[in-house]
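As structure tokens, the structure follows; a few thoughts come after it.
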Amino acid sequence: MSKPLFWPGKRYFYAIGNTSAVSLARDVPPEKDINLLLLGCGDPRNVLFTLFCEPDTATRKLDFTCVDFEPAVLARNVLLLSLIIDKKPTEHLFDIFFHLYLEEDPLALLVSQCEVLFHASTTLKHWRESSYGSTLRMSSQHTLIELRWHWDQYAKMHTLPKTELQMIIKNFRAGVAEYQVQNKEKMSTSARSAGPLMIQGVKSLSECFDNFWRYGTTYSSGPHRSSATLLNPSFVYTQSGVGCFVHYGTDPVVPFHLAPIFGNSNSTLSQADIMKGIHVQFQDWCTAFNKYHEQGLCIVRVFFSDAIFGAQALQICKRSGVMETRIPVCQWRTELITLDKEEYKHAPLVFDVVDTSNLDDHLGLINILVAAIPLLRGSGDGVLYLESLLTFSPDGNAPKDFAKHFYADLIVMSVLFCLCPVDYITGYSSRGNVHELIAHEERRRGSTGLQQYHQATTWRSLSTNPPMVDSWQLGTFLYDLYHSLFEEEDSQTFWQKHSVNPHPAVQQSSLAHYSRESFVLLLRFIRDKLQILREEWIAVLDRFFSLHTSDTSMKMDTLRFHDLCGLLYYYGVYTVDVYRMVKMPCVGPFKAWSQVPPLVRVFLTVPREKLQILSRGTPTLEAGMQGPRMCNLFSSIHAAFGTLSTIGTPANPKVYFEEDRTGFQGTKPLIVSFVMPAMLLTGFGPNYDPPESISISLHVNSNQANTVNYAQALGPYLEIYSAQLLDKEKVLVLPEQPLPSSIYTTAMVPSVPGSIGSQSPIKANFSEESDLIESFSTKIEVEDELAKSTLQSAGNVVVKQIFFNVAQLELGGRTQNVIFPFPVTVMNHRLRIARKSLWIEVIVPLRKPFSQEGVVDPFPIVARSLMPWSIHRLNLECLPVLDLKNRKLHQWLGPHVAAAFSKREIKTRKKKDVDSLMFVKDSISSIIMHSAGIQPQGSSLQHIFALRDKATNNCDTVIFIDRLRFDLSSHTIVCDGFVLPMNVQRLKKMAKDFGRLVPKMQNISLEPGEITSWKQLLPVLVERCRTWTHLESCQYAVEGCIPLTTEMETIPLCACGEGKDVQRMHNVALWKPLAKYCTRFALSPLFGVSYLETIGRTDRRCCICRAKAGFTCPKCKKDRYCGQACQKKDWKRHKVVHHEAFEK
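In full-length UniProt numbering, the protein residues as written are 1 to 1144.
The following block contains the structure:
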């Protein structure tokens, strides 16, 4: 198991999402059918909102595969969606899904619907033929069985014997009461759903949260609250058992978008006001889903599985067509994943969009990427969404914490994963998270432990073939990565790294995401993704193990060496020499076997009473085998409650497992299994113990947190339980076959033909330390006759940059484009030329973030799909309009727009340095502020803007803005308007009408060169919101470039959208004559990337306690203090450090 096994303690039920809904189709071209994979899907908010965001005229199909390890989540989702399909009253649907306690009518509807679902789900065939089966699909038999069981419990709960029902209700209420105590000092995180209006919403939303946990409903009126007393059974039954396992942070308000509710209100909002707005949104979502169901344009597949296990099963099916796997459904269960053959004749196995929710927090970023990327569509068409909510940042800098999740350089890991981090590459994001930065800053002042900070990132698959890498360099990099992942297992290393402020690190040590299996699966992924030849891969791992053997700094790693080697063999990644040894003796547990295989699976039965010690925590568990001279640990274990029986014969042993359905609330023992090398159990080897002296054990992992919590009770080895290997009542050993290995690449990646000659695959060149990629290189064999002649006669090879990652070579009148995986700086290229052998090698360094070098077009568009690469799409018509008459508008909109700038950009602007992106952001901010009438505050609204070049005073672009809208899921605002690009001919045609506009125009003065950036940006702003289709005669296709031009007094846009979707312009007399030349566009702020640089102005803080500084030392004029107490505390140090100032 790539994720280490944790004892779950109290497993919380995440019945309702903890972030507001987003459209998962926001980065896919509007004409394209979409396959979407939701790993850790949670509630259906993103499915519903994605459909709501589709245009009314949309005809594309959306196919969602929703994977979750909690069947209760899926059972509730299907229950809700089936009710929507049946067009039941949405007020009852809302109560059924979001309320802990129900009135009689909603409960009666829930029960009757569950009975319908129960009878419709007797078999998969019966389900497919039901009225729900065309839209709601089951990925597997075990999914249907689990959901059916839950629906049956929901329907029957209130008919249980009185004493049993009263006990359930009593225990549930006790759980709720416990949460009320826990939440007494906490505030709801629902304020983040208000985005830029978070501060305005904190008080009201905290009251909503308190009332929800006090009454179990969102009702604001007494009569409804008093009559909603019937326990909602859909919150009672989970994998954890029967009772109240609902997460204490659950809040029905969170999934919805609260910015328009607060932003368009002039008064303080009551709970009734907030819920009224939420019910309108919920109604709209339900209507959209019903429409898609009736049109047959939507499929929602539900798949009960752990996210990683489910993704691995889909990978196997994609690779080999095999539906029956050896992968368990999830931890603590024993069913193996078997996909439904009928369903997966047509179900997608390659996805345009993969959303991973915030699984990074729970499963680890590397584990998620290894599982998800093989299912993502390649060639630049796939989009991957990553999120995290939790952060342990010892320095308090959560925004920068994200890049550390890779344990290595972000760009190197991106290259190995064949993914592009969109925000990192462009240096901006169209998604606002300023409110998260503010909230994090406030929270961290009072906390040093686990905190929340919502970080969402967008990644795209590479549009090129994967690069080649040097075996030695890759082996070195992989060992350094291995070292970074596991070095803190050694306590000495841990305390050296965290000698200052160790408390957060101790806490974080208990949340380890990676095992040796994680690393083995990463190796297999890299080998297959980069298509590394067999001989080269062996060289990579030989280098890895040479470093592993030489490095003596990781003492604890020796205990896990056989865990690593066994898993390498199990997954067909690499075979260490010891596995090629001669036949092993059939002794001990293998006495009756005809031969001993390299690998075995060991089963250990752990008495339930031995697990009592774990009830007060959530430690990581691992298995062990030890003898007088040996000790080995194995971290990839599987566990479930039940009883194990032997079947078969001594020579061919098999086991039968009877699972305890009541799990953690049951009475049966825990069965732990793991894979290990058989030779360790034979005594056949130097310093190997004989089988009769070997014991098998279950341990708590010896990280720092567990050592503190368990060493006194469990002893120095943190052993929970052990049994002798030959104790057949407690230990069983079975042969284990390795998994089918991926086929090694046996042929070189073919050359790419070109007009100059064939191009070899791109090579990624590491730094001397093998920790960074410094450059890319490729060789072109010159084959064109004219190019040959020019090269041999000492002709020059000209190299220029035409895109972020594209260099163009020119030789003898021939040009050839070279596409690199990542942005490069072509102006700093090097050439190696062989004029006799007729080849050219071009070497280009990677472009550094924020560098002005190598930026040809900061606003790219994917030419073949006309999809903005870095700015998300919008359906403007579904976005609420901002009330510009609101009296409180200036309180939040101005600060929100201003916060789009990073600290670096603020300094750049102050120094008047050149930064084309900063210039554009500045102009966008000015347009938004004038459109809203808040620059200066109280000024009149401006609707017409002339983009005027400061150097020439010329204007060839006019912008009309009549509405500002809330960009709901991106937590910002967007200008809904129209752009009029002009050339001399057009200006002559409309001179009279245009002249009438001039007095109404607000000039936006553009810095030198900024007009070029605007002409590059305009096609993106048009494409992100277009509702029309490009013509076959589109100039983009004819000319082969977007934009068409960047020159002054020329038109950068194609004519396909002119005069379309501009009906509002006809309502304004001055605008109407010009409407036929205009194209609708959507303009919004471009925000800094918080994991790359500091966003906004940082408060000046006290150098002692980091509170807000009240003054600066008058002598040194550098150190700041919050008050005299801190200044006095710092006096001795301060006087020594700044002695020169005092001597003066």
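Cβ coordinates follow ideal geometry from the N, Cα and C atoms, glycine included.
Going by the DSSP bridge assignment, what does residue i pair with across the sheet?
i, result
"Phe657", "Leu644"
"Asp976", "Arg963, Ala1082"
"residue 1233", "Residue 1233 falls outside the range modelled here, since the chain spans only 1 to 1144, and no answer is possible."
"Leu102", "Leu230"
"Val700", "Leu621"
"Glu841", "Lys779, Arg832"
"Met676", "Val600"
"Thr815", "Glu810"
"Gly241", "Thr238"
"Thr1112", "Arg1120"
"Leu734", "Arg601"
"Gln712", "DSSP, once it has assigned bridges, lists no residue as partnering Gln712."
"Asn632", "Met625"
"Arg909", "The partner list for Arg909 (beta bridge, DSSP) is empty, contrary to what the question assumes."
"Ser695", "Gln626, Gln724"
Kindly give me the distance between the Cβ atoms of residue i and residue j, rounded to whole angstroms, as I take these residues to be in contact under 8 angstroms.
i, j, result
"Met686", "Leu726", "Looking at the sequence shown, residue 686 is not Met but Pro. Incorrect: roughly 22 angstroms between the Cβ atoms, too far for contact."
"His513", "Asn367", "6 angstroms"
"Lys763", "Pro467", "6 angstroms"
"Leu419", "Ser461", "6 angstroms"
"Leu1006", "Ser870", "That belief does not hold up - the Cβ atoms of Leu1006 and Ser870 are roughly 21 angstroms apart, past 8 angstroms."
"Phe978", "Cys1078", "4 angstroms"
"Thr682", "Met556", "At roughly 25 angstroms, the Cβ-Cβ gap does not stay under 8 angstroms, so Thr682 and Met556 are not in contact."
"Asp689", "Gly627", "3 angstroms"
"Val826", "Lys848", "In fact, because the Cβ distance is near 14 angstroms, the residues do not count as touching under 8 angstroms."
If you check the beta carbons only, do residue i and residue j fall under 7 angstroms apart?
i, j, result
"Thr356", "Leu386", "yes"
"Tyr571", "Arg524", "yes"
"Gln1002", "Gln942", "yes"
"Cys244", "Val181", "no"
"Asp949", "Glu1049", "no"
"Leu644", "Ile671", "yes"
"Leu567", "Arg516", "yes"
"Ala194", "Leu269", "no"
"Val818", "Ala807", "yes"
"Val655", "Leu732", "yes"
"Pro196", "His440", "no"
"Cys53", "Cys878", "yes"
"Gln455", "Ser388", "yes"
"Val974", "Arg965", "yes"
"Val576", "Cys565", "yes"
"Pro1016", "Asp857", "The sequence given here places Gln at residue 1016; Pro does not occur at that position. Yes, Cβ-Cβ distance for Gln1016 and Asp857 is below 7 angstroms."
"residue 1167", "Leu205", "One cannot answer for residue 1167 here, as it falls past the ends of the chain, which runs 1 to 1144."
Grab me the residues of residue i's own chain with a C-beta within less than 7 angstroms of its C-beta, minus the 5 sequence neighbours each way, in chain order.
i, result
"Leu359", "Leu39, Gly40, Ala307, Ile368"
"Ala155", "Val111, Cys114, Glu115, Phe118"
Give me, in chain order, the residues of the same chain whose beta-carbon lies closer than 6 angstroms to that of residue i; leave out the 5 immediate sequence neighbours on both sides.
i, result
"Asp33", "Arg60, Lys61"
"Gly624", "Leu633, Ser697, His699"
"Ile84", "Cys286, Phe289, Asn290"
"His872", "Arg26, Asp27, Ser430"
"Ser220", "Gln271, Ala272"
"Tyr292", "Leu51, Cys298"
"Gly1088", "Ser902, Ile1095"
Leaving out five residues before and five after residue i in sequence, what residues of the same chain have Cβ atoms less than 8 angstroms from its Cβ?
i, result
"Leu375", "Leu37, Ala311, Leu314, Gln315, Lys318, Leu349, Val350, Phe351, Val354"
"Val708", "Val506"
Under 7 angstroms between C-beta atoms, does residue i make it to chain C?
i, result
"Asp470", "Although the question refers to chain C, the structure presented lacks it and comprises just one protein chain."
Checklist entry - Which parts of the region 843-901 are runs of the alpha helix (DSSP H), unbroken and 4 residues or longer, counting only runs that do not cross its ends? => result List check, alpha helix (DSSP H) in window: 889-898.
Checklist entry - Which residue spans inside the region 410-472 form an unbroken alpha helix (DSSP H) run of at least 4? => result Fully enclosed alpha helix (DSSP H) runs of 4 or longer: 410-417, 422-426, 434-444.
Checklist entry - Curious, which full-length beta strand (DSSP E) runs of at least 3 residues does the region 522-558 contain? => result If one requires a minimum length of 3 residues, no beta strand (DSSP E) run lies completely within the region 522-558.
Item to check | alpha helix (DSSP H) segments (min. 4 residues) lying fully within the region 345-393 | outcome: As far as the region 345-393 is concerned, its whole alpha helix (DSSP H) runs of at least 4 residues are 359-363, 365-372.
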